[in-house]
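Note sheet for the following structure.
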Amino acid sequence: MKETTFAPIYGVWQRLPEAFGGRAWRWSVPILLLAAVLGGGESGALVRDTLAEAYLQVSVFVAGTLMLLFAVERWFAVDLRERIAQARVGQVPIATALGMLPGCGGAIVVVTQFVNGRIGFGALVAVLIATMGDAAFLLIAAAPETAVVVFAVSGASAVLCGWAIEAIHGRDFLRHRRAEDDTPTTAVAGAGRPVPPAIDGLWAALWAIGVPFAVLIAFQQDPNAWFGPWAAHQPATWLGFAGAMLAVTLWAGGLGEGEAGTGGTYGESSPLSNPGHGNGRGAATNAGPMAWVRCARTDTNFVTVWVIAAFLLFEFGVVFSGVDPEAWFAVVGPLAPLVGVLVGFIPGCGPQILLTTLYLSGAMPMSALLANAISNDGDALFPAIALAPKAAVLATAYSALPALAVGYAAFGLGY
C-alpha cells in the first residue's frame with residue numbers, strides 16, 4: 001500500500017525541478033510534507049496540524065503586516081524603507097515601534113531591512129527586544145493592564161539598548177552591504193518566473209479567508225467550532241494546511257523571486273530571497289492591491305518555510321522525548337526570571353505563548369513574564385538565522401542583558 005502511494009510521489013519529485021524550476025532539495029520539502037500527511041496516522045495528523053498552525057498563527061499576520069505597510073506607502077505617498085534608512089538616530093525608535101505590534105509581522109519587516117543593508121545592528125537588537133510575538137495577542141485579551149506595562153518596559157528597554165549598542169559599536173557594525181545593481185545573489189533556478197495570476201488569486205484568497213481564523217486562534221479560540229456539525233472535519237485546519245503547502249511549493253520552485261511584472265508596473269526582488277538587494281516594491285505601491293499581495297507573497301513564503309521547520313522540530317521533539325512542556329516551567333523562586341530568559345531564546349512563539357498562559361494562571365510570576373517578553377524574538381528570528389546567523393546570535397545574546405536586568409529587578413521588587 002505504502003509502495004503504491006509513494007512511488008508516484010517519488011516520480012513527481014524527480015520531474016518537478018525540470019518542469020517548474022528550483023532545486024531538487026527544495027522540492028523534497030513539499031513532497032515529504034505531503035507524503036507524511038497522505039501516509040496518515042498520528043505522525044501525518046501532527047504534520048498537518050503543525051503546518052496549519054504555522055500558517056494561521058504566523059504567515060497570515062506576516063502577510064497582513066507587509067500589505068498594510070505597502071498600503072500606507074501608497075496612501076501617504078511615502079517610502080518607508082527610505083525613511084527608515086535615512087532616519088539614523090530614529091532607526092531604533094522606529095524599529096521598536098514596529099516590534100511592539102502584536103504578532104511578528106512588524107519585526108520581520110525590520111529584519112528584512114537589516115538583511116538588505118538599510119538599517120543597523122542597533123535597530124535589529126531593538127526590534128528583537130521589543131517584539132513579544134503572538135503571545136502579545138493572548139496577553140492583550142486576558143490582561144490588558146499587564147500588557148500595557150509589559151509593552152512600556154519592553155519598548156523602553158529596546159530603545160535604550162539599541163542606542164547603547166550603536167554608541168558602542170557604531171551604526172555600521174555587522175551591517176549588510178547593499179548591492180549597487182539588481183543582480184540576485186541567491187537566485188534559484190526558475191527564479192524570476194512569474195506566478196500565474198490564478199495562483200496569485202488562490203494565494204490571496206487563502207490568506208483572506210485565513211485572517212478571521214488567525215485572529216480567533218490568536219485569542220485562544222478554536223475557529224473549527226464555527227462550523228457546527230462540520231467542526232469534526234476541521235475545515236479551518238485544512239485551510240491552514242493548504243495555505244502552508246502553497247507557500248512551501250512556491251518557495252520550492254523559486255516562483256516570484258526576482259519576478260518582473262508586465263507593462264513596467266511592477267517589479268519584485270525580495271530582500272529575503274536576495275539579501276543585499278532592494279525589493280523594487282516602489283512601483284507596486286502605486287499599483288492595486290494584487291501588487292501588494294505579490295510583494296508580500298515571496299517574503300511570507302520564505303518565513304513560512306522556516307516557521308514550519310521550527311514548529312515541526314519542536315512538536316516531534318516533544319513527542320519523541322516524552323517531556324511535558326509545562327514541566328519545563330515548573331520553577332519557583334529566584335530561577336523564574338532566568339527560565340523566562342532561556343525560554344525566550346527558543347525561536348518561535350509556541351513556548352512564549354505557553355509561558356504567558358502559565359503567568360495568566362498564576363503559575364509564573366510577573367518577573368518571568370517581563371524577562372521572557374524582552375528576550376523572546378518570536379518568529380522574526382527565523383529569517384535572521386537563515387540570512388545573517390552571526391548577527392542573529394549576537395542580537396539574541398544582547399537581548400538577554402536587559403531581560404535579566406529587568407526580570408531580576410522586578411523579582412527584587414516582589415513581582
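Quick note on numbering: the UniProt record's numbering labels position 370 of the sequence shown as 370, and the sequence is numbered without any gaps.
For glycine and all other residues, C-beta sits at the position ideal for the given N, C-alpha and C.
Same chain, Cβ closer than 7 angstroms to G412, five either side skipped, listed in chain order: none
Query raised in the report: Considering only residues of the same chain and omitting the five flanking positions on each side of G227, which have a CB-CB separation below 7 angstroms?
Result: Inspection of the sequence shows that residue 227 is occupied by Phe rather than by Gly. These residues qualify, in order along the chain: P235.
Review point. Comparing alpha-carbon positions, which option in G333, A386 and Q352 lies nearest A410?
Key: G333
Exposed unless 16 or more other CB atoms sit within 10 angstroms - verdict on I119: buried
DSSP three-state label for G253, please. helix
### Query
In this structure, what does DSSP give as the bridge partners for G133?
G103
query = Using the C-alpha atoms, what's the distance from R297 back to G254?
reply = 12 angstroms
Quiz item: So L110 and L98 are in contact, right, with Cβ under 8 angstroms, and what is the actual spacing, rounded?
Solution: What sits at residue 110 in the sequence shown is Val, not Leu. Contact holds; Cβ gap of about 5 angstroms.
- [ ] Could you check which residue in A204, T96, I199 and N301 has the C-alpha nearest to that of V159?
- [x] T96
Pair every Cβ in the segment 131-148 with every Cβ in the segment 371-378, then say whether three or more of these pairs are closer than 8 angstroms.
yes
| query | Can you tell me whether DSSP reads F382 as helix, strand or coil? | reply | helix
Got a sec? Which residues, its chain only, sit under 6 angstroms from P223 by beta carbon, not counting five neighbours each side? F213, L216 and A236
Open item on the list: Using the Cβ count rule (16 or more neighbours within 10 Å means buried), how would you classify I168?
Closed with: exposed
query = Based on Cα-Cα distance, which residue from F219, F114, G155 and D200 lies nearest to F173?
reply = F114
message = So, under 8 angstroms CB-CB, Q91 and A123 are touching, yes? Tell me the CB distance rounded to an integer number of Å.
response = 4 angstroms
Endpoints, the alpha helix (DSSP H) within which Y408 is located
P389 to G412
Checklist entry - Around the C-beta of R83, are 16 or more other C-beta atoms found within 10 angstroms, so that it is buried, or is it exposed? => result exposed
Exercise. In whole angstroms, what is the alpha-carbon distance linking L46 and L206?
Worked result: 21 angstroms
| message | If I measure Cβ to Cβ from I140 and keep anything under 7 angstroms in the same chain, skipping five residues before and after, which residues do I get? | response | P102 and A147
Item checked: Endpoints, alpha helix (DSSP H) assigned at M366 -> M366 to S375
Quick check on A54: buried or exposed, where buried means 16 or more other Cβ atoms within 10 Å of its Cβ? buried
Q. Cα-Cα, which of A225, F219, H233 and G243 is closest to A63?
A. G243
(message) Does P347 come out as helix, strand or coil in the three-state DSSP assignment?
(response) coil
The alpha helix (DSSP H) with L206 in it runs from where to where? P197 to A218
Q) What does a CB cutoff of less than 6 angstroms around A363 pick up in its chain, not counting 5 residues either side in sequence? A) none
In chain order, what are the residue ranges of uninterrupted beta strand (DSSP E) at least 3 long that sit wholly in the segment 296-328?
none
L68 versus V293 - alpha carbon distance:
10 angstroms
Item to complete: Could you spell out where the alpha helix (DSSP H) holding W75 opens and where it closes?
Response: V60 to W75
Legend entry - With 16 other Cβ atoms within 10 Å as the buried cut-off, status of V72: exposed
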